[in-house]
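Remarks on the structure that follows.
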Amino acid sequence: MVKCKKCGKENPNIAEYCQECGTPLEKLEDKKDKKFGEFTGNTIIDTIIWILIILVGCDLFVNYIIGPILSFN
Ligand SMILES: [Zn+2]
């Protein structure tokens, strides 16, 4: 069943428009595709942010941990 966003009536899955108020119904498959697309975009941005964090972290690690150790020798 597909629930109408506007009036809340449950329509058959094959219905493209609400039988009660005529509002175009969002198919569940379309919702999944949209969410998947958004998820993929966020994942790529998250990956880039994590790479930057790791690079900055490595830089700080080298400068503040390895650097002093090397300079003592
Ligand atoms: Zn409706």
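Numbering (the working numbering), first residue to last: 2 to 74.
Think of the CB as a built atom: it goes at the ideal place given N, C-alpha and C, for glycine as much as any other residue.
Quick caveat, the model's predicted, so the values are computed rather than measured.
Inset, instruction - Consider the C-beta atom of Thr24 and the heavy atoms of ligand 1; say whether any pair is separated by less than 7 Å. - result: Along the sequence shown, one-based indexing puts residue 24 at 23. With a threshold of 7 Å, the Cβ atom of Thr24 counts as near ligand 1, since some heavy atom of the ligand is closer than that.
Legend entry - Glu17 Cβ short of 7 Å to ligand 1 heavy atom set: Counting from one through the sequence shown, the residue named residue 17 turns up at place 16. No, the Cβ of Glu17 stays beyond 7 Å of every heavy atom of ligand 1.
Legend entry - As assigned by DSSP and simplified to three states, the class of Asn14: Within the sequence shown, numbered from 1, the residue matching residue 14 stands at position 13. Asn14: coil per DSSP, three-state reduction.
Inset, instruction - Report the residue from Met2, Asp60 and Lys7 whose alpha carbon sits nearest the alpha carbon of Cys22. - result: On the sequence shown, position 21 is the one that residue 22 refers to. Nearest neighbour of Cys22 by Cα position, chosen from Met2, Asp60 and Lys7, turns out to be Lys7.
Inset, instruction - Consider the C-beta atom of Glu11 and the heavy atoms of ligand 1; say whether any pair is separated by less than 7 Å. - result: Position 10 of the sequence shown holds residue 11. Residue side-chain check: Glu11 keeps its Cβ at 7 Å or more from all non-hydrogen atoms of ligand 1.
Inset, instruction - Identify, in the order they occur along the chain, each residue of the same chain with its Cβ nearer than 8 Å to the Cβ of Trp11, setting aside the five sequence neighbours on each side. - result: Within the sequence shown, numbered from 1, the residue matching residue 11 stands at position 10. The displayed chain sequence assigns Glu, not Trp, to residue 11. Closer than 8 Å at Cβ, skipping near neighbours: Met2, Val3, Lys4 and Cys5.
Inset, instruction - Run the CB neighbour count on Leu26, radius 10 Å, all protein chains shown included, and call it buried at 16 or more, exposed below. - result: The count along the sequence shown starts at 1 and reaches residue 26 at position 25. Under this definition Leu26 is a buried residue.
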